[in-house]
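S.K.:
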Amino acid sequence: MELDPQNALSAIQAGIRQASALIVTYSFSVLGAVLLLVIGFVVAGLVERWIYAGLGQVSGFDLTLRRFFSKIARYVVLGLVVVMVLGQFGIQTASVIAAIGAVGLAIGLALQGTLQNIAAGIMLLALRPLRIGEYVEVGSIAGTVEEIGLFATRLRAADGIYVLAPNSTLWTQPVKNFTRNGVRRNDITITVPNADNIDGIQKTLLGLAERDVRVRKEPAPTAFVAELGDSTMDITLRYWTSVSDFLSAKVELNKSVRNILNGSAK
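First residue of the sequence shown: 1, per UniProt numbering; consecutive thereafter.
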């Protein structure tokens, strides 16, 4: 079968026209996609900086949260840009969004525990039941807070041990913050025979507290009978100090009270 030169030429010309139309069409699509990507990256960067700066104007807003929310805003803008770019090539964006939603749901279910820690970290940073440098106790966890992250919080125990606690654990239990209020109370209780001079013992204990410059004048220290037994009674010295003076005052006053007891026993 002989090839008709005229038909062959017509077929070639038709192919060239179709290829030219496709090139023109997709050239505009590629150009539009490139422009969208460039503009999208610029806008995403601007949005990130605006949100970071705006949250910085909020008094006491945590630096970690500022970075977190500004980054989230950036990625949201970039995600919208990617969907728009795919639309330039005729891809059904509704299907893409549905697929992204399904993938996000699957990832969320797989990382459920991690997401709980992130949510708890945001709440800890926003409500601030504990801050860096504060000594806290949460269930069996106790120590000085060194870093509050989005996933976990790092603490240093009283004996210097490194502690890394998941944020969800810290958020779901009551927090005892020994530093936040700035002052702490301490009770020193001694047991003496009922025959001893109660007024004299109380006066002696109060004198010890009042002479110690670390003991606060308000609330004033007090000494009282805490418990009365058949042959003995418990007398308690109650006083308040600043958080920084709590341990040293406790050690010294315990020593002074012990010396008095030893002296009276001789």
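Quick reminder that beta carbons are idealized off the backbone N, C-alpha and C, glycines included. Fair warning: this is a prediction, and the values are worked out from it, not measured in the lab.
#1: Under the rule that 16 or more other beta-carbon atoms within 10 Å means buried, what is residue 135, buried or exposed?
#2: Please report how far the alpha carbon of residue 208 lies from the alpha carbon of residue 256, in whole angstroms.
#3: Distance, Cα to Cα, residue 153 vs residue 144?
#4: May I ask which residues mark the beginning and end of the beta strand (DSSP E) holding residue 199?
#5: Tell me residue 153's beta-bridge partners as DSSP assigns them.
#6: Going by beta carbon distance, what residues of the same chain come within less than 6 Å of residue 222, once the five residues before and after it are set aside?
#7: Strictly by DSSP, which residues pair up with residue 237?
#8: Do residue 120 and residue 167 come within 8 Å of each other at the CB atom, strictly closer than that value?
#9: In the DSSP assignment, find the unbroken beta strand (DSSP E) run with residue 136 in it and report its ends.
#10: When burial is assigned at 16 or more other CB atoms within 10 Å of the CB, is residue 211 buried or exposed?
#11: Do residue 37 and residue 85 have their C-beta atoms within less than 8 Å of each other?
#12: If you drop the 5 nearest sequence neighbours on each side, which residues of the same chain put their C-beta closer than 6 Å to that of residue 70?
#13: Could you compute how far the alpha carbon of residue 163 sits from the alpha carbon of residue 147?
#14: Answer with buried or exposed for residue 63, where buried requires no fewer than 16 other C-beta atoms within 10 angstroms of its C-beta.
#15: Please return the same chain residues whose Cβ sits closer than 7 Å to the Cβ of residue 40, not counting the five positions on each side in sequence.
#16: Got a sec? Which residues, its chain only, sit under 7 Å from residue 117 by beta carbon, not counting five neighbours each side?
#17: Between 159, 235, 185, which lies nearest to residue 202 when the distance is taken from Cα to Cα?
#18: Is residue 171 close to chain C, meaning its C-beta is less than 8 Å from at least one C-beta of that chain?
#19: Count the other CB atoms within 10 Å of the CB of residue 185; is the residue buried (16 or more) or exposed (fewer)?
#20: Roughly how many angstroms lie between the CA atoms of residue 131 and residue 193, to the nearest whole one?
#21: Helix, strand or coil for residue 142, going by three-state DSSP, please let me know.
#22: Can you tell me whether residue 179 is helix, strand or coil according to DSSP?
#23: Determine the DSSP secondary structure at residue 130, reduced to helix, strand or coil.
#24: Under a three-way DSSP split, which group does residue 34 fall into?
M.R.: By the coordinates alone:
#1: buried
#2: 8 Å
#3: 10 Å
#4: Where residue 199 is concerned, there is no enclosing beta strand (DSSP E), although the alpha helix (DSSP H) it sits in stretches over 198–211.
#5: 148, 165
#6: 238
#7: 188, 223
#8: yes
#9: 135–138
#10: exposed
#11: yes
#12: 48, 51, 52
#13: 11 Å
#14: exposed
#15: 77, 78, 81
#16: 151, 152, 166, 167, 168
#17: 235
#18: No chain C appears in this structure, which consists of one protein chain only.
#19: exposed
#20: 46 Å
#21: strand
#22: coil
#23: coil
#24: helix
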